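Residue 92 is where the sequence shown starts when you use the numbering used here, and the numbers rise one by one after that.
C-beta atoms are modelled at their ideal positions from N, C-alpha and C, and glycine is treated no differently.
Quick caveat: nothing in here was measured; it's all calculated off a predicted structure.
Written below as structure tokens is the structure these notes are about.
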Amino acid sequence: MEFKMKFIVYGAGAIGSLFAALLSENHEVLVVGRKEHIEAIFRHGLIVEGITNGVFYPETEYDGSRYDVIILSTKAYDTETAIKEAVEKFGVMPVVSIQNGLRNEERIAEHVGWENVVGGVTTHGVTFMEPGRIKHAGRGKTLLGGFLSNEMANRIAKAFNESGIETVVTEDIMEEIWRKSIVNSAINGLTALLRCRNGELKKIKEIVMEICEEGEKIAMAYGYDIHDAFERAMEVIDNTSMNYSSMLQDVLNGKRTEVEEINGAIAEMGRKKGINACMNDVITKLIKGMENVRHLG
């Protein structure tokens, strides 16, 4: 019997659109996102360039049928609003977060229960080019994990792997979410401030290391034994050296960034444990300042 699942990709920006495109080859996928993007996909298909190349045709209109899984890929600051809207429209079902930040799963659980939450991290590099078109700039790996059981995580991982999304199920997804957040706090934060490609951070490895070590110290206070964040960060920098981080893309496009959900969240959790998080605190304040001040032309 053929294995098929029905996915809703809610908040289909860059990374969500990549998952929607790849999954749509083997499974039924409904994309929900900004009006211009969804209309472009309806008219011309979802165009993916780069490592993945092709035109894909996920569904763009909801027909009222029941779906199996919501893949939530909104910005972290929109999680609360997005999960409320999704549950109201589609009902309660398992939700996979492939977002940045430390607080998404908790917010999702408030609306669907921990039994329906699957945490996820992915390292694919994707750029949103224009409505209906994305660029797959860097191939990555995806990790999934449930909080009460891995039964649904295993089914989703099977669908992902069969669609070309290399995925592994882990027993401690929160440790992986912390690890990715620490890596992001260094790479996204610094590239956004310096307005540079990821590869340029090789020139300031000492600062990358300091940010990673600060995050590790805070993670340890919460019971997550992470000692390899700097090595992971340098690996990502090497593998995505020509990429613009998502936070830098937001800065360049004059959009709100996720700095409060990444660096800000790490700093806040450090304060709760009495740990000085000056690196993350300064990065958060500087980037929020960049969002709010008028720049010279």
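Next on the checklist: Please state the DSSP three-state secondary structure of Arg224.
Outcome noted: Here residue 224 is taken as the residue at index 133 of the sequence shown, counted from 1. Note: Arg224 maps to strand in three-state DSSP.
Checklist entry - What do you reckon, are the CB atoms on Ile374 and Leu284 nearer than 8 Å? => result The residue given as residue 374 occupies position 283 in the sequence shown. The residue given as residue 284 occupies position 193 in the sequence shown. Contact flag set, yes.
Item to check | 4-residue-minimum alpha helix (DSSP H) runs that sit fully inside the stretch 137–225, ordered along the chain | outcome: 170–181 and 195–203
Next on the checklist: Here's the rule: buried if 16 or more other CB atoms are within 10 angstroms of the residue's CB, otherwise exposed. What is Val186?
Outcome noted: Here residue 186 refers to the residue found at position 95 of the sequence shown. Counting Cβ neighbours within 10 Å, Val186 comes out buried, since at least 16 surround it.
Checklist entry - In chain order, which beta strand (DSSP E) runs of at least 3 residues are fully inside the stretch 225–304? => result 233–237 and 258–260
Checklist entry - Pairing CB atoms from the stretch 217–234 with CB atoms from the stretch 169–185, are three or more of them under 8 Å? => result no
Checklist entry - Does the stretch 161–169 come close enough to the stretch 107–125 that 3 or more CB-CB pairs lie under 8 Å? => result yes
Item to check | Own chain, CB closer than 8 Å to Arg246, minus 5 neighbours either side, in chain order | outcome: If you number the sequence shown from 1, residue 246 lands on position 155. Cβ neighbours of Arg246 beyond the five flanking positions: Met96.
Item to check | Segment contact flag, the stretch 253–264 with the stretch 223–240, C-beta cutoff 8 Å, min 3 pairs | outcome: yes
Item to check | Three-state secondary structure (DSSP) of Val120 | outcome: Position 29 of the sequence shown holds residue 120. Val120: strand per DSSP, three-state reduction.
Checklist entry - Where does Ile366 fall in DSSP's three states? => result By one-based count along the sequence shown, residue 366 stands at place 275. Ile366 falls in the coil class under three-state DSSP.
Next on the checklist: By the three-class DSSP mapping on this structure, what secondary structure does Lys97 have?
Outcome noted: To locate residue 97, count along the sequence shown from 1; it is residue 6. Three-state result, Lys97: strand.
Item to check | Of the residues Arg270, Gly306 and Gly314, the one placed nearest Arg323, counting alpha carbons only | outcome: Working through the sequence shown from its first residue, we reach residue 323 at position 232. Considering only alpha carbons, the answer is Arg270.
Checklist entry - Glu88: which of Asn371, Lys232 and Gly231 sits nearest, CA to CA? => result Residue coverage of the chain in this structure runs from 92 to 388, which leaves residue 88 outside it and unanswerable.
Checklist entry - Is Arg134 helix, strand or coil when you go by DSSP? => result Here residue 134 corresponds to residue number 43 of the sequence shown, with the count starting at 1. Residue state, collapsed to three classes: helix.
Item to check | Local conformation of Glu108 per DSSP, three classes | outcome: Counted from its first residue, the sequence shown places residue 108 at position 17. Going by the sequence as given, residue 108 is Ser instead of Glu. In the structure shown, Ser108 sits in a helix (DSSP, three-state: H, G or I).
Next on the checklist: Output needed for Thr214: all residues of its chain with C-beta closer than 7 Å, excluding positions within five of it in sequence on either side, in chain order.
Outcome noted: Start at 1 with the first residue of the sequence shown, and residue 214 comes out as number 123. So the list reads Gly231, Lys232 and Val327, once near-sequence residues are dropped.
Next on the checklist: Beta-carbon within less than 7 Å of Lys293's beta-carbon, same chain only, minus the 5 sequence neighbours each way: which residues are those?
Outcome noted: As a position in the sequence shown, residue 293 is number 202, starting the count at 1. These residues qualify, in order along the chain: Ile328.
Next on the checklist: Do Ser332 and Ile278 count as a contact pair if the criterion is CB distance below 8 Å?
Outcome noted: Within the sequence shown, the letter at position 187 stands for residue 278. Within the sequence shown, the letter at position 241 stands for residue 332. The answer is no: Cβ separation not under 8 Å.
Item to check | Nonlocal neighbours in the same chain, by C-beta distance under 7 Å from Glu301, ignoring five residues either side | outcome: Working through the sequence shown from its first residue, we reach residue 301 at position 210. Met370, listed in sequence order.
Checklist entry - Of all the options Ala368, Leu137 and Lys376, which has the alpha carbon lying nearest to the alpha carbon of Glu349? => result For the purposes of this step, residue 349 is taken as residue 258 along the sequence shown, with counting starting at 1. Among Ala368, Leu137 and Lys376, the Cα nearest to that of Glu349 belongs to Lys376.
Item to check | Where the alpha helix (DSSP H) containing Asp329 begins and where it ends | outcome: Within the sequence shown, the letter at position 238 stands for residue 329. Its alpha helix (DSSP H) spans residues Ala320 to Asn330.
Checklist entry - The alpha helix (DSSP H) with Asp341 in it runs from where to where? => result Position 250 of the sequence shown, counting from 1, holds the residue named residue 341. Asp341 -> alpha helix (DSSP H) spans Ser337 to Leu343.
Checklist entry - If we ignore side chains and look at the alpha-carbon of each, how far apart do Glu253 and Lys364 end up? => result For the purposes of this step, residue 253 is taken as the residue at position 162 of the sequence shown. For the purposes of this step, residue 364 is taken as the residue at position 273 of the sequence shown. Looking at the two C-alpha atoms, the distance is approximately 42 Å.
Next on the checklist: Pop quiz: Gly104 and Gly124 are said to be a contact at Cβ under 8 Å. What is the actual Cβ separation, rounded to whole angstroms?
Outcome noted: Position 13 of the sequence shown, counting from 1, holds the residue named residue 104. Position 33 of the sequence shown, counting from 1, holds the residue named residue 124. About 7 Å; that satisfies the 8 Å criterion.
Checklist entry - Which of the three DSSP states, helix, strand or coil, is assigned to Ala310? => result Within the sequence shown, the letter at position 219 stands for residue 310. Helix at Ala310.
Checklist entry - Going by other Cβ atoms of all chains shown within 10 Å of its Cβ, with 16 needed for buried, is His318 buried or exposed? => result Translated into the one-based positions of the sequence shown, residue 318 becomes position 227. It counts as exposed.
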